Amino acid sequence: MSEEKNYQIVNKEVPRLESWKKASGQAVYTDDIRLPNMAYAALVRSPYSRAKVLSIDVSEAEKVPGYLGCLLPEEVPQEFFNCSGNPPSPLLMKDEQVLTMEPKVLGDRIACVAAETEQAAREAADLVKVEYEELMPYLSISQAMNEKAEPLQPHIAQNDNIIEHRKVSQGDRAVGEAESDIILEDHFVTQPMQHATIELTSCVCDFSDGKHLTVYSTSQTVFQERRIMAEILGMKETDVRFSKPMVGGGFGARQQLHAQHVAALMSKKIGRPVNLSYTREEDLYSVVRHGSDVDLRIGASKDGKLKLFDTTFRLNAGPYTTHTPTVVAAASRKLQYNVPNYFFDGLSVYTDDITGGAFRGYGNTQLTFGREILMDRLAQALNMDPVEFRLMNHVQVGECFPCASIPVSSNGIEECARRCQAIQAEIDAKSPLVDNEDVRQAWGIAFSCHGSGPSNKDGLSGAVVMLNDDATVQLLVGSADIGQGSETMESQIAAECLGIPLSSVKITAADTLTTPYNTGTFGSSQTFICGNSVELACKDLKRKVLDQLKNIYPDSEVVEKEHSYQIHGSEDLELSFEEATRKIMFDLKGGVMIGAGTYKAAACPNPFAVCFVKAEYHKKLNAIRLLDIIEVADVGTPINRMTVAGQLEGGIAQGVGYALYERMEINPRSRRTQASDLLHYRIPQMDDMPQTYVDMVDSYDPYGPHGAKSVGELATVPVAPAIVNAVRHASGQELNSLPLCDKFIILPSRRKEEA
Amino acid sequence: MTDKQYQITLKLNGQTRSFEVEEGETLLHVLRERAGLTGAKKGCDLGECGACTVILDGRAVNSCCVFAVSADGKQVETIEGIGSEEHPHPLQQAFMDAGAIQCGFCTPGMIMAAKALLDRNPHPTREEVRQAMSGNLCRCTGYEKIEQAIAMAAEVVASYAEGKEGDRA
Ligand code: FES
Ligand code: FES
Numbered sequence: 001m002s003e004e005k006n007y008q009i010v011n012k013e014v015p016r017l018e019s020w021k022k023a024s025g026q027a028v029y030t031d032d033i034r035l036p037n038m039a040y041a042a043l044v045r046s047p048y049s050r051a052k053v054l055s056i057d058v059s060e061a062e063k064v065p066g067y068l069g070c071l072l073p074e075e076v077p078q079e080f081f082n083c084s085g086n087p088p089s090p091l092l093m094k095d096e097q098v099l100t101m102e103p104k105v106l107g108d109r110i111a112c113v114a115a116e117t118e119q120a121a122r123e124a125a126d127l128v129k130v131e132y133e134e135l136m137p138y139l140s141i142s143q144a145m146n147e148k149a150e151p152l153q154p155h156i157a158q159n160d161n162i163i164e165h166r167k168v169s170q171g172d173r174a175v176g177e178a179e180s181d182i183i184l185e186d187h188f189v190t191q192p193m194q195h196a197t198i199e200l201t202s203c204v205c206d207f208s209d210g211k212h213l214t215v216y217s218t219s220q221t222v223f224q225e226r227r228i229m230a231e232i233l234g235m236k237e238t239d240v241r242f243s244k245p246m247v248g249g250g251f252g253a254r255q256q257l258h259a260q261h262v263a264a265l266m267s268k269k270i271g272r273p274v275n276l277s278y279t280r281e282e283d284l285y286s287v288v289r290h291g292s293d294v295d296l297r298i299g300a301s302k303d304g305k306l307k308l309f310d311t312t313f314r315l316n317a318g319p320y321t322t323h324t325p326t327v328v329a330a331a332s333r334k335l336q337y338n339v340p341n342y343f344f345d346g347l348s349v350y351t352d353d354i355t356g357g358a359f360r361g362y363g364n365t366q367l368t369f370g371r372e373i374l375m376d377r378l379a380q381a382l383n384m385d386p387v388e389f390r391l392m393n394h395v396q397v398g399e400c401f402p403c404a405s406i407p408v409s410s411n412g413i414e415e416c417a418r419r420c421q422a423i424q425a426e427i428d429a430k431s432p433l434v435d436n437e438d439v440r441q442a443w444g445i446a447f448s449c450h451g452s453g454p455s456n457k458d459g460l461s462g463a464v465v466m467l468n469d470d471a472t473v474q475l476l477v478g479s480a481d482i483g484q485g486s487e488t489m490e491s492q493i494a495a496e497c498l499g500i501p502l503s504s505v506k507i508t509a510a511d512t513l514t515t516p517y518n519t520g521t522f523g524s525s526q527t528f529i530c531g532n533s534v535e536l537a538c539k540d541l542k543r544k545v546l547d548q549l550k551n552i553y554p555d556s557e558v559v560e561k562e563h564s565y566q567i568h569g570s571e572d573l574e575l576s577f578e579e580a581t582r583k584i585m586f587d588l589k590g591g592v593m594i595g596a597g598t599y600k601a602a603a604c605p606n607p608f609a610v611c612f613v614k615a616e617y618h619k620k621l622n623a624i625r626l627l628d629i630i631e632v633a634d635v636g637t638p639i640n641r642m643t644v645a646g647q648l649e650g651g652i653a654q655g656v657g658y659a660l661y662e663r664m665e666i667n668p669r670s671r672r673t674q675a676s677d678l679l680h681y682r683i684p685q686m687d688d689m690p691q692t693y694v695d696m697v698d699s700y701d702p703y704g705p706h707g708a709k710s711v712g713e714l715a716t717v718p719v720a721p722a723i724v725n726a727v728r729h730a731s732g733q734e735l736n737s738l739p740l741c742d743k744f745i746i747l748p749s750r751r752k753e754e755a
Numbered sequence: 001m002t003d004k005q006y007q008i009t010l011k012l013n014g015q016t017r018s019f020e021v022e023e024g025e026t027l028l029h030v031l032r033e034r035a036g037l038t039g040a041k042k043g044c045d046l047g048e049c050g051a052c053t054v055i056l057d058g059r060a061v062n063s064c065c066v067f068a069v070s071a072d073g074k075q076v077e078t079i080e081g082i083g084s085e086e087h088p089h090p091l092q093q094a095f096m097d098a099g100a101i102q103c104g105f106c107t108p109g110m111i112m113a114a115k116a117l118l119d120r121n122p123h124p125t126r127e128e129v130r131q132a133m134s135g136n137l138c139r140c141t142g143y144e145k146i147e148q149a150i151a152m153a154a155e156v157v158a159s160y161a162e163g164k165e166g167d168r169a
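If you're matching them up, the sequences are chains A and B in order. The numbers in the first sequence follow the numbering used here, run straight up by one, and end at 755. The numbers in the second sequence follow the numbering used here, run straight up by one, and end at 169.
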């Protein structure tokens, strides 16, 4: 399937271009920016989920030395907006305000205070006295959906708290039931999870003159953020600049506006640039992966053919729509098995819990969790091998996912599974599975897929490549590198296309002032969507170079061959790319060579992954330990093998945290968050990680740049269900919810050579 | 907010530097806001993430948990002081080569924590590495390549110690 290609720069291990800056402490992140005369702002936030503000008194705050001013709800634009960094869509209801008198979740923004230092700003914010009338919050989906519950956003959902009800189906439920010899069902619950990027959410806004706004912030979607900000402030987009500095991780948390609007308005009010940065506690309750509540039934015939997939899929949105309906929609498009009767009933539900937003996996994670557990139970009930059972039902090249319109264009899932099995065999040969009176070890597996770019084909990207006279190029793209390595990868694609060394490409990215539009860094888009635009821009440049040479040598035949130019006619010449460049720039008939490319998603190729987990169960302790995790992916041509491996390893770690202990929600009894710091919101540490093995199979997608598909989100999706399947085999217990620390003691993973 | 100011002197990356600091001010704050060294990062300000790790008199510390006044007179090493682009520290080189850097926000703290370990113990076992680094959180890499990088750097450091490759600049 793979195309024989002799790549020079892609499909190699390439360290990130900005590695030295990061390794030396010179990389500038948002909170490292120091503008002259910069002030600091801090937010006054609601301690209650659902309340009414009765009064706000700033008199004590004003006494803090260094106090500069306060911004109250009545001083800011009142219109509702949707903060999510998606292109406009009727699914994205507008129900959020810059500051509010009616907080709907703990942490809602009430007011903002500015001061000369961050410490003074926080001190003053703490001294702002807000009187509240506390109301009863609806924290769970079932409470909010109860018919007696009051509507939380009456202008969107008058009678119930359902933001959107999405139904997708094919086939006939009764036929599916009749043709199934076995139908298994269960109720699956996953918890909200926080992104916990190590960099805190931060912005520096300069709106000192009240006319031109510049925002430096932790951003994944600078163009969407600019558009929403311009709408909120009633400005032209040309007067709003979003410029992304280095970003310390995103995972979806920065696919939205956070508090840039408040900081901008504060900057205007005090006439100085303003830094507004969150504390870790603020970050933890700012946004989460949606908690889910899922009913799922899967039916199969005796010979193992899937006949029915029927789900009611509910997501806890928190009190603001943000991304929720698009997360639900994305979940409906990730069924990688052939099922003739498919019923997806998706509900986006308002509650007063922490607001759900984008998070690596975007709905796929939640539905795949129950699906892969039920597939495992089905395989067992049918007495089939879990790998073969999945493979025999898997969608093949040329076939469509249920309810999808574009056929799968490349598929290496079987190779992924076989490679996992080979690594598994090596591991078991070294340390055979233990099964004694204390400990039982077992393997569990899961399959997953994702898209390359938003699954609704929203993806759009421009790229510009400008040729310098020494045959180096400036590459301009709007895509945001948030740590995943997209700038290096786009540069590799350009260098490969143009046949020049990687060091000859200088990239500028994600600045609305200077770079072309890009939908944003989300939906695992950048390799595929932006990469395609880069390839098109480079092809455009090459075409222009050739045309210009034909202009210069009008009586000759000019042909390009392997990045050099052969000129036959009155003189016979062969010009290297460098020589041709110089000729073009400085000849009497010279020209400035600028290639432009724009790619609108015509496809959304699915990458695939298989994950195997070896875990052990300690019978007397009711404890579990993860031993080994293997993940092998089909990402098409890996543009940068080092980055792809890093994405797989990082995706595994996030899956481990999700499966074992991470949870961020408001406790119904205390009505406080369960964790306000990283000691209590525990993410995996180095010593927690089991041994990991990652690999990529040989694959090529016809629509991808140099055959590439995506990897970022895919990497984390299969991990939690594979862990649960391993634990169910080891413990003999049926599991249907996360995190596993609710049911088991979690023992630290210990590497075998140290055990 | 206290107005009481203290003068402290640090031996900062080999240079003697004095700062006026407030009573409750942290070493991290001094580095970032007064010394202009933003390589040490603030990921929590609570001693939980390790992004602010620097080396104080030979020991890795979370600089957000060290009062500036208590660092008076001490040696402080930060990421800015351990290597140059021409002569990177072996840990910096290894982190780049191994792909141990993704978003890079944890990187300065990781490298400083690892340097304190290797300075003290040039031949750490994997277990020692994992324990020494467990106070440094990374959300991007899953730690695999960070562990590899530290092992790679340890070999280089050990070979310097044994004089195999001559002196490092
Ligand atoms: S900032 Fe010091 S430990 Fe997190
Ligand atoms: S590289 Fe992003 S936190 Fe470690």
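All C-beta atoms, glycine included, are put in the ideal place defined by N, C-alpha and C. Source: prediction; values computed, not measured.
Taking only heavy atoms of ligand 2 into account, decide whether any of them is closer than 6 Å to the Cβ of R750(A).
As a first step, residue 750(A) is located in the first sequence; it is residue number 750 there, counting from the start. No, ligand 2 has no heavy atom inside 6 Å of this Cβ.
So if I threshold CB-CB distances at 9 Å, which residues from the stretch 177-206 of chain A count as touching chain B?
H195, A196, T197, I198, E199 and L200
Where DSSP assigns a beta bridge to I746(A), which residues make up the other side?
The residue labelled residue 746(A) in the question sits at position 746 within the first sequence. I624(A), per the DSSP bridge assignment.
Rounded C-beta distance between F188(A) and S524(A)? I'm assuming under 8 Å.
The sequence position of residue 188(A) within the first sequence is 188, counting from 1. The sequence position of residue 524(A) within the first sequence is 524, counting from 1. At roughly 24 Å, the Cβ-Cβ gap does not stay under 8 Å, so F188(A) and S524(A) are not in contact.
Under 7 Å by beta carbon: chain A residues contacting Q92(B):
Indexing the second sequence from 1 puts residue 92(B) at position 92. Result: A23 and S24.
Using a Cβ-Cβ cutoff of less than 8 Å, which residues in the same chain neighbour H155(A) once the five nearest sequence positions on both sides are dropped?
Reading the first sequence from its first residue, position 155 is the one you call residue 155(A). Taken in chain order, the residues that qualify are F80 and D95.
Apart from the five residues just before and just after H765(A), which ones in its own chain have a Cβ nearer than 6 Å to its Cβ?
Past the edges of chain A, shown from 1 to 755, lies residue 765(A), and the structure says nothing about it.
Roughly how far, in whole angstroms, is the beta-carbon of V133(B) from the beta-carbon of M110(B), given that I think they are within contact range, below 8 Å?
Working through the second sequence from its first residue, we reach residue 133(B) at position 133. Working through the second sequence from its first residue, we reach residue 110(B) at position 110. Note that residue 133(B) is Met in the sequence shown here, rather than Val. 7 Å between Cβ atoms; contact.
How about E754(A): is its C-beta nearer than 7 Å to some C-beta of chain B?
To locate residue 754(A), count along the first sequence from 1; it is residue 754. The predicted model places E754(A) with a pLDDT of 46, which falls under 50 and marks its position as unreliable; any figure quoted below should be read in that light. Output row for E754(A): interface = yes.
Is there a Cβ of chain A sitting closer than 7 Å to that of P124(B), yes or no?
In the second sequence, the residue the question calls residue 124(B) occupies position 124. Between P124(B) and chain A, the shortest Cβ-Cβ separation is not below 7 Å.
Taking just the CA atoms, how far does T125(B) sit from K752(A)?
As a first step, residue 752(A) must be located in the first sequence, where it is residue number 752. As a first step, residue 125(B) must be located in the second sequence, where it is residue number 125. Any reading at K752(A) must be qualified, since the residue scores a pLDDT of 49, below 50, and its modelled position is unreliable; the value itself is stated next. One C-alpha to the other measures close to 13 Å.
Proximity of R254(A) and Q224(A) at Cβ, strictly below 7 Å:
Translated into the one-based positions of the first sequence, residue 254(A) becomes position 254. Translated into the one-based positions of the first sequence, residue 224(A) becomes position 224. With a cutoff of 7 Å on beta-carbon distance, R254(A) and Q224(A) are scored as not near each other.
Would you kindly work out how many angstroms separate the C-alpha atoms of D186(A) and Q143(A), rounded to a whole number?
Sequence index remark: in the first sequence, residue 186(A) carries index 186 (1-based). Sequence index remark: in the first sequence, residue 143(A) carries index 143 (1-based). Cα to Cα, D186(A) sits roughly 21 Å from Q143(A).
Could you give the distance in angstroms between the alpha-carbon of N468(A) and the alpha-carbon of Q474(A)?
In the first sequence, counting from the first residue as 1, residue 468(A) sits at position 468. In the first sequence, counting from the first residue as 1, residue 474(A) sits at position 474. Roughly 8 Å separates the two Cα atoms.
Quick check on the burial criterion: 16 or more other C-beta atoms within 10 angstroms. Buried or exposed for T26(B)?
For this step, residue 26(B) is matched to residue 26 along the second sequence. With 16 or more Cβ atoms within 10 Å of its Cβ, T26(B) is classed as buried.
Consult DSSP for G794(A) and reduce its assignment to one of helix, strand or coil.
Outside the displayed span of chain A (1 to 755) sits residue 794(A), for which this structure offers no information.
Among M489(A), A51(A), D283(A) and H618(A), the one whose alpha carbon lies nearest that of P761(A)
The shown model of chain A, from 1 to 755, leaves out residue 761(A), and the question about it has no answer.
Run the CB neighbour count on K52(A), radius 10 Å, all protein chains shown included, and call it buried at 16 or more, exposed below.
Working through the first sequence from its first residue, we reach residue 52(A) at position 52. With fewer than 16 Cβ atoms within 10 Å of its Cβ, K52(A) is classed as exposed.
Please report how far the alpha carbon of A404(A) lies from the alpha carbon of M489(A), in whole angstroms.
The residue given as residue 404(A) occupies position 404 in the first sequence. The residue given as residue 489(A) occupies position 489 in the first sequence. Distance between the alpha carbons of A404(A) and M489(A): 29 Å.
Using a C-beta cutoff of 7 Å, does E51(B) count as contacting chain A?
As a first step, residue 51(B) is located in the second sequence; it is residue number 51 there, counting from the start. Correcting the residue type first, residue 51(B) is Ala in the shown sequence and not Glu. Taking Cβ atoms only, chain A reaches closer than 7 Å to A51(B), which makes this a yes.
Determine, using beta carbons only, whether L56(B) comes closer than 7 Å to chain A.
In the second sequence, residue 56(B) corresponds to position 56, counting from 1. No - not a single Cβ of chain A is within 7 Å of the one on L56(B).
Mind listing the chain B neighbours of V247(A)? Cutoff is C-beta to C-beta under 8 Å, in chain order.
As a working mapping, residue 247(A) is identified with position 247 in the first sequence. Result: C103.
7 Å Cβ cutoff met for P739(A) and L660(A)
What you label residue 739(A) is simply residue 739 of the first sequence in a count that begins at 1. What you label residue 660(A) is simply residue 660 of the first sequence in a count that begins at 1. Closer than 7 Å, so yes.
Does ligand 2 have even one heavy atom less than 6 Å from the beta-carbon of T508(A)?
Here the question's residue 508(A) lines up with position 508 in the first sequence. False, no ligand heavy atom lies under 6 Å from that Cβ.
Endpoints, beta strand (DSSP E) assigned at K466(A):
The residue given as residue 466(A) occupies position 466 in the first sequence. As written in the sequence, residue 466(A) is Met, which differs from the Lys given in the question. First-last of the beta strand (DSSP E) with M466(A): L460 to L467.
Give me the Cβ distance between D57(B) and Q75(B), rounded to the nearest whole Å; I'm assuming they're in contact under 8 Å.
Counted from its first residue, the second sequence places residue 57(B) at position 57. Counted from its first residue, the second sequence places residue 75(B) at position 75. Confirmed, about 5 Å.
Rounded separation between I652(A) and T16(B) - CA only
Counting from 1 along the first sequence, the entry for residue 652(A) is found at position 652. Counting from 1 along the second sequence, the entry for residue 16(B) is found at position 16. Those two C-alpha atoms are separated by around 45 Å.
Label N6(A) either buried or exposed according to how many other C-beta atoms from any shown protein chain fall within 10 Å of its C-beta, with 16 as the threshold for buried.
Position 6 of the first sequence, counted from the first residue, corresponds to residue 6(A). The residue is exposed, with fewer than 16 neighbouring Cβ atoms inside 10 Å.
Does any C-beta atom of chain A lie closer than 7 Å to the C-beta of G14(B)?
Residue 14(B) sits at position 14 when you count from the first residue of the second sequence. So, not an interface residue.
Quick test of the definition: if touching needs 3 or more C-beta pairs under 8 Å, does the stretch 621-634 of chain A touch the stretch 684-702 of chain A?
yes
Touch test, the stretch 368-375 of chain A against the stretch 716-729 of chain A, Cβ-Cβ under 8 Å, three pairs minimum:
yes
Measuring from the CB of G50(B), is there a heavy atom of ligand 1 at a distance below 6 Å?
Against the second sequence, residue 50(B) aligns to sequence position 50. Indeed, a heavy atom of ligand 1 lies less than 6 Å from the Cβ.
Just checking, does the stretch 642-656 of chain A make contact with the stretch 26-36 of chain A on the three C-beta pairs under 8 Å criterion?
no
Residue nearest to L513(A) in terms of C-alpha spacing, selected from T214(A), R663(A) and R625(A)
Indexing the first sequence from 1 puts residue 513(A) at position 513. The residue with the shortest Cα to Cα distance from L513(A) is T214(A).
Just to confirm, does N62(B) get its C-beta within under 6 Å of one of the non-hydrogen atoms of ligand 1?
Taking the first residue of the second sequence as position 1, residue 62(B) is located at position 62. For N62(B), the CB falls within less than 6 Å of some heavy atom of ligand 1.
Work out the CA separation of N640(A) and Y362(A) for me, nearest whole Å.
On the first sequence, position 362 is the one that residue 362(A) refers to. On the first sequence, position 640 is the one that residue 640(A) refers to. Straight-line Cα distance between these residues: approximately 24 Å.
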